[in-house]
Amino acid sequence: MSQSINIAIDGHSSCGKGTLAKAIASELSYLFIDSGAMYRAVTLAIIRNKISLDDLQSIEELLPTLQIEFDYNEGSNFHHIILNDVDVEKEIRSMKVANLVSPVSKISAVRKFLVTRQQLLGFKKGVVMDGRDIGTV
């Protein structure tokens, strides 16, 4: 009987973490989790709700309303991020999101929210996680 594990791939940006993580997840039939995409999804939600990054209370109130999931499309061999039941993979890659994701990722409530989500996703094992500082999850 084989036992599932979680695999964390940590490293600097643009060093090939995502490519390696996707290949491993595919080979093992594990769930691939891109932590950076999760931060981008939260950033997109903040933008859509027209919340200022200085309005920490509104950001904290928004977080519990967000459902973030990953979906693997076998036809395209691509992992998509789903935000509140909507595929937002293309939108999270926009310049508008890219310009704000770094300051959003520094918000304590956002980090706590996403680390908790990542821990829940990894609870049952069989996950490959990609991202900076992901080894702490």
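Its first residue numbered 10, the sequence shown is counted upward by one per residue in the working numbering.
Idealized CB from N, CA, C, for every residue including glycine.
Asked: For the alpha helix (DSSP H) that residue 15 lies in, which residues bound it at each end?; Found: First-last for residue 15: 15-18, but that is the beta strand (DSSP E), not the alpha helix (DSSP H).
Asked: Just curious, the alpha helix (DSSP H) that residue 116 is in, first and last residue?; Found: Looking at the DSSP string, residue 116 is not in any alpha helix (DSSP H), and its letter there is neither H nor E.
Asked: Should the segment 38-49 be regarded as contacting the segment 87-99, the criterion being three or more beta carbon pairs within less than 8 Å?; Found: yes
Asked: With DSSP as the reference, label residue 78 as helix, strand or coil.; Found: strand
Asked: What residues are listed by DSSP as bridge partners for residue 89?; Found: 80
Asked: Taking only the alpha-carbon atoms, compute the straight-line gap between residue 107 and residue 101 and give it to the nearest angstrom.; Found: 8 Å
Asked: What does the alpha-carbon distance come out to for the pair residue 123 and residue 112?; Found: 15 Å
Asked: For residue 101, name the three-state secondary structure that DSSP assigns.; Found: helix
Asked: Considering only the alpha carbon of each residue, which of 21, 47, 32, 26 lies closest to residue 128?; Found: 47
Asked: When you compare each of 52, 23, 17, 49 to residue 34 by their alpha carbons, which one comes out closest?; Found: 17
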